[in-house]
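Trainee: Please read through the structure below; I'll follow up with questions.
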């Protein structure tokens, strides 16, 4: 196996090790706590949600004007 291939493999393994180390050190939270926070956020912002309360007018629709002939 040529030297360049071995060095590339070593670099890949070091990158993989670094990624695994970052994932290991990552601060994790319980799903039950996170879901409560998400539910509270959704409840606090539901009045502003256009999927729940859609906009009455299409803002991109051209407004018609009355023209007298």
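Residue numbers (full-length UniProt numbering): 1 to 69. Every residue gets a Cβ at the ideal spot worked out from N, C-alpha and C, and that includes glycine.
1. Please tell me whether residue 47 and residue 41 are closer than 8 Å, where the distance is taken between their beta carbons.
2. Nearest-angstrom Cα distance between residue 64 and residue 43?
3. DSSP on residue 55, reduced to helix/strand/coil?
4. In angstroms, rounded to a whole number, what distance separates the CA positions of residue 59 and residue 35?
5. Where does the unbroken alpha helix (DSSP H) through residue 42 begin, and where does it stop?
Mentor: In short, the structure shows the following:
1. Their beta carbons are not under 8 Å apart, which means residue 47 does not touch residue 41 by this criterion.
2. Looking at the two C-alpha atoms, the distance is approximately 37 Å.
3. Here residue 55 sits in coil by DSSP.
4. When rounded, the distance between both Cα atoms is 34 Å.
5. Here the alpha helix (DSSP H) through residue 42 covers 31-44.
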